[in-house]
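Residue numbers for the first sequence, in the working numbering: 6 to 586.
Here the structure comes first, spelled out in structure tokens, and everything after it is commentary.
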Amino acid sequence: MNLFTEIHALVHEALAAMQAEGALPGGLDMANVTVEPPRDPAHGDMATNAAMVLAKPAGMKPRDIAGALAERLAADPRIAAAEVAGPGFLNLRLAASAWHELLRAVLAQGAGFGRSARGQGRRVNVEFVSANPTGPMHVGHTRGAVFGDALASLMEFAGFDVTREYYINDGGAQVDVLARSAYERYREAHGRAPEIAEGLYPGDYLIEVGEALKAEYGDAFLDRPESDWLETVRDFATDRMMTRIRADLAALGVEMDVYFSEKSLYGTGRIESAVETLREQELIYRGVLEPPKGKTPEDWEPREQTLFRSTAHGDDVDRPLMKSDGGWTYFAPDIAYHHDKIARGFDLLIDVFGADHGGYVKRMKAAVSALSRGRVTLEVKLMQLVRLYKSGEPMKMSKRAGTFVTLRDVVEEVGADVTRFVMLTRRNDAPLDFDFDKVLEQSKDNPVFYVQYAHARVCSVLRKAREAGLAVDDAALAQADLAHLTHESELALARRIAEWPRIVETAAITGEPHRVAFYLHDLASELHTHWNRGNDDAALRFLQEDAPEASRAKIALARAVAVAISAGLGILGVAPVEEMR
RNA sequence: GCACCCGUAGCUCAGCCGGAUAGAGCGCUGCCCUCCGAAGGCAGAGGUCAUAGGUUCGAAUCCUAUCGGGUGCGCCA
Numbered sequence: 006m007n008l009f010t011e012i013h014a015l016v017h018e019a020l021a022a023m024q025a026e027g028a029l030p031g032g033l034d035m036a037n038v039t040v041e042p043p044r045d046p047a048h049g050d051m052a053t054n055a056a057m058v059l060a061k062p063a064g065m066k067p068r069d070i071a072g073a074l075a076e077r078l079a080a081d082p083r084i085a086a087a088e089v090a091g092p093g094f095l096n097l098r099l100a101a102s103a104w105h106e107l108l109r110a111v112l113a114q115g116a117g118f119g120r121s122a123r124g125q126g127r128r129v130n131v132e133f134v135s136a137n138p139t140g141p142m143h144v145g146h147t148r149g150a151v152f153g154d155a156l157a158s159l160m161e162f163a164g165f166d167v168t169r170e171y172y173i174n175d176g177g178a179q180v181d182v183l184a185r186s187a188y189e190r191y192r193e194a195h196g197r198a199p200e201i202a203e204g205l206y207p208g209d210y211l212i213e214v215g216e217a218l219k220a221e222y223g224d225a226f227l228d229r230p231e232s233d234w235l236e237t238v239r240d241f242a243t244d245r246m247m248t249r250i251r252a253d254l255a256a257l258g259v260e261m262d263v264y265f266s267e268k269s270l271y272g273t274g275r276i277e278s279a280v281e282t283l284r285e286q287e288l289i290y291r292g293v294l295e296p297p298k299g300k301t302p303e304d305w306e307p308r309e310q311t312l313f314r315s316t317a318h319g320d321d322v323d324r325p326l327m328k329s330d331g332g333w334t335y336f337a338p339d340i341a342y343h344h345d346k347i348a349r350g351f352d353l354l355i356d357v358f359g360a361d362h363g364g365y366v367k368r369m370k371a372a373v374s375a376l377s378r379g380r381v382t383l384e385v386k387l388m389q390l391v392r393l394y395k396s397g398e399p400m401k402m403s404k405r406a407g408t409f410v411t412l413r414d415v416v417e418e419v420g421a422d423v424t425r426f427v428m429l430t431r432r433n434d435a436p437l438d439f440d441f442d443k444v445l446e447q448s449k450d451n452p453v454f455y456v457q458y459a460h461a462r463v464c465s466v467l468r469k470a471r472e473a474g475l476a477v478d479d480a481a482l483a484q485a486d487l488a489h490l491t492h493e494s495e496l497a498l499a500r501r502i503a504e505w506p507r508i509v510e511t512a513a514i515t516g517e518p519h520r521v522a523f524y525l526h527d528l529a530s531e532l533h534t535h536w537n538r539g540n541d542d543a544a545l546r547f548l549q550e551d552a553p554e555a556s557r558a559k560i561a562l563a564r565a566v567a568v569a570i571s572a573g574l575g576i577l578g579v580a581p582v583e584e585m586r
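As structure tokens, then:
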């Protein structure tokens, strides 16, 4: 149940009726008419800008329209008061019964409260993480993983049909490097001294791969030329890496629907076929690129290359598809990959990249636009850095010094729930500070704790109520006589709960799960405030001595808060906690 | 040089598909537990929303320019 869309519909009905009666001219564009919570609660529960938006096209004074609209709206039982204010705002105050109805709906819907059909079942592919299978995932990947997963959940909640997908970069030169690095560890496992040359991966995590290679292949590859073992070792090593990456993601609570292999695009004609689709549109040509101005590479020399005319779809320069040795550039398999996603019928593609891939966005969008002939849009979410701290001190990370912090390190130290919540308390394009000590601190400046504490307090009330012999399951609470809820502080809480479906929609449309985290903080804050009022005013406590009916009504309110918190945490992939310890 | 992202309170950041007096946490000052969990709450101080123009009934929000910070810029992914 979304009270805002209901009242929004009511406003539209009223405006239509006014038009039917000639009180308002016909043919007006109502698209900009909004119903929103006012910033200042003194202005009421909701406000509409209808009069101001329509004044000019209708050729009427805003306050005249507002006045007539107010009269009509006031006739609805849900509206307690409608008054014109300021330049033409119409402030609405809802009847207490409207809030009570909302609370009953929340209890009935449970964790599904706030679900929306906004996405209309449109099929969305969210590609995220896509870490190279050359080593363990680090904190940067962790943020991308959490973000992508939460975004996917959020969009599901808002009515989209979502596929979570991971692109395995197992086709490029970097997996050959992995193979050579693993081979040295294989030699090491046979008692030889490994030669980790410059450019190879020195990490200890390959030692066990070397041993596993020995266990599997014995000395078959020892002292053999690279051509004898490269492919086998490469496949073996990437397989081990992916196994580990999947386990790491599982530890974070992330489960992919599809793992897509880059390698599967080679030798199958799929790259050629994607390029052919572009060629049909005369977007492929042989040509010479200009050197970038202001920063010409020292070894620059003009070369004729096979180019994609990405400028025809909004890019700044055309992009090369083939290297001078005739092989594909990294861009070509990416084109084929997105071609495949389009062929699978997605309406919307979302790629979650690191911010250092920002320069790649325009060409990828151009490719998707061309490949789908404008049918499919690609949205790219760029993830900013995570800065790690330990009790206020920045942590220096270095692969060589072995102080490299992996996803596994983070999850083992602070847990998946805390990791996820904290990583979602910042916009994706803003850098994130992650302090290993602060995120575990039990105080109000730790948002994870603060929100969990609010949920735990409600659970505490429910426990106490049960001990007192009250029936407090959701069905019983929904039957309570909510007319006992009249105090402004209680209605403020209900008002905040009512915002949840709105938050879901905006967060889903903008692709910004952090809005959910901020909302949860606000909701928790409202609960804590209300709770403390109960210290001074006993009438506001959830448990009322010798008044089971009043208690039940107030507990229904508390429970509705917990439901909304659970729903929000569910989207973030965080389990609500029943008690703090 | 070009492209993209970002400039909001002392610090870290929300708000940005235009809306009324710009918010939160930290830090600072002063308060509130014989009371459902004070692990919390209340109040106060603190702002040229980088700058200058423009659009609009209305701009932190949209457009343009400038300044400052970050990222990227053919044969790496």
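The beta-carbon is built from N, C-alpha and C at its ideal position, and this holds for glycine as well.
* Between the CA atoms of V111 and L99 - distance to the nearest angstrom -> Counted from its first residue, the first sequence places residue 99 at position 94. Counted from its first residue, the first sequence places residue 111 at position 106. So the two alpha carbons sit approximately 17 Å from each other.
* Sequence-distant residues of its chain with Cβ nearer than 7 Å to F351 (five each side left out) -> Mapped onto the first sequence, residue 351 falls at position 346. Only residues of its own chain outside the window of five on either side were considered, and among them R128, V129, N130 and V381 have a CB closer than 7 Å to the CB of F351, listed in chain order.
* Cut-off 7 Å between Cβ atoms - residues of its own chain near K219, not counting five sequence neighbours on either side -> On the first sequence, position 214 is the one that residue 219 refers to. So the list reads Y191, A194 and H195, once near-sequence residues are dropped.
* Which same chain residues, not among the five before or five after W536, have their C-beta less than 7 Å away from its C-beta? -> Locating residue 536 in the first sequence gives position 531, counting from the first residue. These residues qualify, in order along the chain: R462.
* With M388 and G149 assumed to form a contact (beta carbons below 8 Å), what rounded beta-carbon distance in angstroms separates them? -> Position 383 of the first sequence, counted from the start, is the residue given in the question as residue 388. Position 144 of the first sequence, counted from the start, is the residue given in the question as residue 149. Between G149 and M388 the Cβ distance is about 5 Å, and since that is below 8 Å, they are a contact.
* To do: Check whether the Cβ atoms of M261 and G140 lie closer than 8 Å to each other.
  => Taking the first sequence and counting its residues from 1, one reaches residue 261 at position 256. Taking the first sequence and counting its residues from 1, one reaches residue 140 at position 135. Not closer than 8 Å, so no.
* To do: Would you decide whether Y172 is buried or exposed? Buried here means 16 or more other CB atoms lie within 10 Å of its CB.
  => Against the first sequence, residue 172 aligns to sequence position 167. Flag for Y172 reads buried.
* Quick one: residues in its chain with C-beta nearer than 7 Å to the C-beta of A435, no 5 flanking neighbours on either side, listed in chain order? => Sequence index remark: in the first sequence, residue 435 carries index 430 (1-based). Taking C-beta separations shorter than 7 Å and ignoring five residues to either side along the sequence, the partners of A435 in its chain run Q389, following chain order.
* Asked: What three-state label does DSSP hand V466 in the structure shown?
  -> By 1-based counting over the first sequence, the position of residue 466 is 461. V466 falls in the helix class under three-state DSSP.
* Label D422 either buried or exposed according to how many other C-beta atoms from any shown protein chain fall within 10 Å of its C-beta, with 16 as the threshold for buried. => Locating residue 422 in the first sequence gives position 417, where the first residue counts as 1. The residue is buried, with at least 16 neighbouring Cβ atoms inside 10 Å.
* Leaving out five residues on either side along the sequence, give the residues of the same chain with a beta carbon under 7 Å from the beta carbon of A85. => Numbered from its first residue, the first sequence carries residue 85 at position 80. Beyond the five residues adjoining it in sequence on each side, A85 comes within less than 7 Å, by CB distance, of R98, L99 and A100 in the same chain, given in chain order.
* CB of A155 within 8 Å of CB of H146, strictly -> As a first step, residue 155 is located in the first sequence; it is residue number 150 there, counting from the start. As a first step, residue 146 is located in the first sequence; it is residue number 141 there, counting from the start. Not in contact: A155 and H146 (Cβ atoms no closer than 8 Å).
* To which residues of the same chain is S571 closer than 6 Å at the C-beta, ignoring the five residues directly before and after it? -> Here residue 571 refers to the residue found at position 566 of the first sequence. A116 and P581, listed in sequence order.
* To do: Can you grab the Cα-Cα spacing for the pair W305 / P296, in whole Å?
  => For this step, residue 305 is matched to residue 300 along the first sequence. For this step, residue 296 is matched to residue 291 along the first sequence. Annotation: W305 to P296 spans about 7 Å, alpha carbon to alpha carbon.
* Below 7 Å CB to CB, which residues in the same chain sit around H526 once its five sequence neighbours on both sides are set aside? => For the purposes of this step, residue 526 is taken as the residue at position 521 of the first sequence. Within the same chain, P452, Y455 and V456 come within 7 Å of H526 by CB-CB distance, once the 5 residues on both sides are set aside.
* Beta-carbon separation of M35 and R77 under 8 Å? -> The residue labelled residue 35 in the question sits at position 30 within the first sequence. The residue labelled residue 77 in the question sits at position 72 within the first sequence. The criterion of a C-beta distance shorter than 8 Å is not satisfied by M35 and R77.
* Can you round the beta-carbon distance between D361 and V385 to whole angstroms, since I take them to be within the 8 Å contact cut? -> The residue labelled residue 361 in the question sits at position 356 within the first sequence. The residue labelled residue 385 in the question sits at position 380 within the first sequence. Wrong, their Cβ atoms sit about 13 Å apart, outside the cutoff.
* Have a look at A522, R564, Y458 and Q484 and flag the residue whose alpha-carbon is nearest the alpha-carbon of M585. => The residue given as residue 585 occupies position 580 in the first sequence. Checked all of A522, R564, Y458 and Q484; the closest Cα to M585 is Y458.
* Asked: With 16 other CB atoms within 10 Å as the buried threshold, where does N433 fall?
  -> Indexing the first sequence from 1 puts residue 433 at position 428. It counts as buried.
* To do: Check whether the Cβ atoms of V444 and L548 sit closer than 8 Å, and answer yes or no.
  => Position 439 of the first sequence, counting from 1, holds the residue named residue 444. Position 543 of the first sequence, counting from 1, holds the residue named residue 548. 8 Å or more divides the Cβ of V444 from the Cβ of L548.
* Quick one: Cα of R413 to Cα of T316, how far? -> The count along the first sequence starts at 1 and reaches residue 413 at position 408. The count along the first sequence starts at 1 and reaches residue 316 at position 311. When only Cα atoms are considered, R413 and T316 end up about 42 Å apart.
* Asked: Between the segment 324-337 and the segment 270-283, are three or more C-beta pairs nearer than 8 Å?
  -> Touching, yes, given that three or more Cβ pairs across the two stretches are closer than 8 Å.
* To do: Compare the Cα-Cα distances from F409 to each of D209, V58, S329 and L528 and report the closest residue.
  => The count along the first sequence starts at 1 and reaches residue 409 at position 404. Ranked by Cα distance from F409, the options D209, V58, S329 and L528 are led by D209.
* Give the straight-line distance between the Cα atoms of E510 and M6, rounded to the nearest whole angstrom. => For the purposes of this step, residue 510 is taken as the residue at position 505 of the first sequence. For the purposes of this step, residue 6 is taken as the residue at position 1 of the first sequence. Between the alpha carbons of E510 and M6 lies a distance of about 13 Å.
* Return the chain-ordered list of same chain residues with a C-beta closer than 6 Å to the C-beta of A522, the five sequence neighbours on each side being excluded. => The residue you call residue 522 lines up with position 517 of the first sequence. Cβ within range, chain order: L429 and T430.
* Asked: Which ranges would you report for the beta strand (DSSP E) in the segment 290-362 if only whole runs of at least 3 residues count?
  -> Within the segment 290-362, the complete beta strand (DSSP E) segments of 3 residues or longer fall at 309-313 and 353-359, listed in chain order.
* To do: May I ask you to verify whether the segment 502-509 touches the segment 540-559, counting CB pairs closer than 8 Å and requiring at least 3?
  => Verdict: no, contact absent.
* Within the segment 488-513, ranges of the beta strand (DSSP E) (whole runs, at least 3 residues) -> As far as the segment 488-513 is concerned, it has no whole beta strand (DSSP E) run of at least 3 residues.
* Asked: Exposed or buried, which one is A71 when buried takes at least 16 other CB atoms within 10 Å?
  -> Translated into positions along the first sequence, residue 71 becomes position 66. Buried, because 16 or more other Cβ atoms sit within 10 Å of the Cβ of A71.
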